[in-house]
Structure formats: structure tokens, C-alpha cells
Amino acid sequence: MATTESGGALLPRIERFKSVQALSDAVAGRVAGAVMQGVQARGAAQLVFSGGSTPEVFLPQVASLDLPWEKVTVMLADERWVDEDHPHSNAAMLRRTLLSHEGPSRAQFVPLKNGAPSAGAGVGALRASLPSSLHRHDLVLLGMGNDAHFASLFPGTPGLTALLDPANTDRLAAIPAPTTAAPAIERISMTYAELMHARGVALVIQGQTKLTVLENALRGADPIATPAAALHDIDVLWCP
Ligand SMILES: O=C1O[C@H](COP(=O)(O)O)[C@@H](O)[C@H](O)[C@H]1O
7 MATTESGGAL
17 LPRIERFKSV
27 QALSDAVAGR
37 VAGAVMQGVQ
47 ARGAAQLVFS
57 GGSTPEVFLP
67 QVASLDLPWE
77 KVTVMLADER
87 WVDEDHPHSN
97 AAMLRRTLLS
107 HEGPSRAQFV
117 PLKNGAPSAG
127 AGVGALRASL
137 PSSLHRHDLV
147 LLGMGNDAHF
157 ASLFPGTPGL
167 TALLDPANTD
177 RLAAIPAPTT
187 AAPAIERISM
197 TYAELMHARG
207 VALVIQGQTK
217 LTVLENALRG
227 ADPIATPAAA
237 LHDIDVLWCP
């Protein structure tokens, strides 16, 4: 983790945009930069998107980018354990808003849901399906709930200390249905270590409520009760 001169953790840098359009332009600019740098340096790029509703705000702008999408691998930070025909499927949201569009349809999508009967039963095969850990994600775009969860790392998630440990070598975890946010469906989540093992990480949030939740989290809250307090040295993109 990067630190300040006095050894403290760097706090997230909050960029405030005036409108959804300005926020979407900024997110799209980051995606384009990450893809072009990855392709130029390594011949390929890996993008990780959050689920939930916030990406629906900016993904149309991302979907319109003229990029070498055939060289891009797209993943989710977390998934609800439902099939893609379910209204709460994060993959369905991503397909609708991004992967069904002309350019991004050439990207390779790595889902976090398989045919196993539960997240616990499916997580092993999903770990094996991830791109090699030798390839860092070029950009991770996280979201956050009003309970300060990100990905599917919720207040009260069993084993949260390990899931938030930057040295954890587990890349994915099965997460029981949360009690602090909807929908109460069991999940698969990338661990904190996996998410932060990226060349760039940004948290994209909309609305005053979430900004206040984040600001409170960053005032030294306990990450076990307020997971977003574990986010250091990342960029936050916000609009009302
Ligand atoms: O359940 C989830 O919630 C968070 C926040 O979602 P939003 O609807 O408030 O944007 C999301 O980041 C996460 O990926 C998702 O599975």
C-alpha cells in the first residue's frame, strides 16, 4: 500500500463532477486510457466493473468508445448467485449496457456465475476460470452501497477481516446473502487483494447520501463495520 511521508495510508482522492454526463465522460476517459495503455504495453487489457445500478449511468458512454475491444477481457467485481435471466443478475446488466453493443461485443467476458447449485459449490471452478493472476487488471471500477459495502464485501460478512486483507491470496470468495443491502442473495466476490492488485482502481458513486457515507467511512471508521473504510489510495468519481 502506498503511504504518506509520515507512513499513513493515502486517502482516496475525491473528484466531484457537476453532472452525470461529466462523470460518464471521466469514466469513459479512464477506460479508454487503461485499454490503450494495456494494449500498447502488453497486447491486451483487463477491465473489472461493479454490478448494481450505478454502472447503468456511465456504461452507455463506455459502450460507445472506439477501442480494440477484441483485445479486452471484461470481468465483474462481484455477482449475485442467479442466472442471467434473473433481474438481479449483474452479468445481465453488463450485457445490456455494455457487452451487447457493437464494439464491446468483441470483448471476452469472464462470468462469476456457473451452473453449480450454490456460490460455495461454484467458487472453485470460477477461480480456475479467471485470467492468470500474473496479469494485473488494468482498471477496476467499483461501486458502493449505502451500507458502505463495495463489490460484495458487506458489513457483517463472515470472514471479512481475511477478505479485506491485502495479503490474502484467495482471489474470489463465496459470500452469504447480505443483511445490510438488497438483494439478499448469496454472492461471489473478488477479494480486496484481488481488486487492489490492479493498475488503476476507481470508486464511482452518485448522490449525496453515498458521498456522506464515504466521507464518514474515511474518518477512521472500522472496515469490519464500514468496509469502504478499507479503500486507500484510489480515485473516487462522484456526481450528484
Ligand atoms: O449489490 C451490489 O451493490 C453495489 C452498489 O450498487 P448500486 O446499485 O448502489 O450502484 C455494487 O457496487 C455491487 O457490485 C453490487 O453487486
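Residue numbers for the sequence shown, in the working numbering: 7 to 246. In this text, a Cβ means the ideal position worked out from N, Cα and C, and glycines have one as well.
Just checking residue 56 against ligand 1 - is the residue's beta carbon closer than 6 Å to any of the ligand's heavy atoms?
Between ligand 1 and residue 56, a heavy atom-to-CB distance of less than 6 Å is present.
Mind checking residue 83: buried by the 16 CB within 10 Å criterion, or exposed?
Buried, by the Cβ-count rule.
List, from N- to C-terminal side, the alpha helix (DSSP H) runs of 4 residues or more that fit wholly inside the segment 152-207.
The segment 152-207 contains, as complete alpha helix (DSSP H) runs of 4+ residues, the segments 166-169, 198-202 (chain order).
To test your reading of the DSSP string, which unbroken beta strand (DSSP E) runs of 3 or more residues are found completely within the segment 23-57?
Counting only runs of 3 or more, we get 51-55.
Rounded straight-line distance, which links the Cα of residue 238 to that of residue 179:
Computed Cα separation, rounded: 21 Å.
Under 6 Å from any heavy atom of ligand 1, does the C-beta of residue 59 make it?
Yes, ligand 1 has a heavy atom inside 6 Å of this Cβ.
Between residue 194 and residue 118, is the Cβ-Cβ spacing less than 7 Å?
Yes.
Is residue 84 close to ligand 1? I mean its beta-carbon at under 6 Å from any heavy atom of the ligand.
It does: the Cβ of residue 84 is within 6 Å (strictly closer) of some heavy atom of ligand 1.
Helix, strand or coil at residue 15 according to DSSP, with G and I counted as helix
Here residue 15 sits in strand by DSSP.
I want to check one thing, is the minimum distance from the CB of residue 151 to the heavy atoms of ligand 1 below 6 Å?
Yes, ligand 1 has a heavy atom inside 6 Å of this Cβ.
Hey, how far is the Cα of residue 98 from the Cα of residue 76?
When the Cα atoms are used, residue 98 and residue 76 turn out to be separated by approximately 20 Å.
Verify whether the separation of the beta carbon atoms of residue 208 and residue 243 is less than 7 Å.
Contact flag set, yes.
In whole angstroms, what is the alpha-carbon distance linking residue 159 and residue 176?
Roughly 14 Å separates the two Cα atoms.
Coil, strand or helix - residue 255 by DSSP:
Residue 255 falls outside the range modelled here, since the chain spans only 7 to 246, and no answer is possible.
For residue 244, write down the residues that DSSP places opposite it in a beta bridge.
Checking the DSSP bridge columns, you'll see residue 244 partnered with 22, 211.
Cβ shell of residue 19 (< 6 Å), same chain only, five flanking positions each side left out:
Cβ within range, chain order: 241.
Stretch pair the segment 211-219 + the segment 126-134: three plus CB contacts closer than 8 Å
Judged by Cβ distances under 8 Å, the segment 211-219 makes no contact with the segment 126-134, as fewer than three pairs qualify.
Opposite residue 81 in the DSSP bridges: which residues?
Answer is 54, 116.
Looking only at C-alpha atoms, which of 189, 154, 190, 170 sits nearest to residue 224?
It is 154 whose Cα lies nearest to the Cα of residue 224.
Please go through the same chain and pick out, in chain order, the residues whose beta-carbon is closer than 7 Å to the beta-carbon of residue 51, but skip the five residues on each side of it.
Here the set comprises 40, 41, 44, 45, 77, 78, 144.
Across which residues does DSSP place residue 86 in a beta bridge pair?
Bridge pairing for residue 86: 193 [DSSP].
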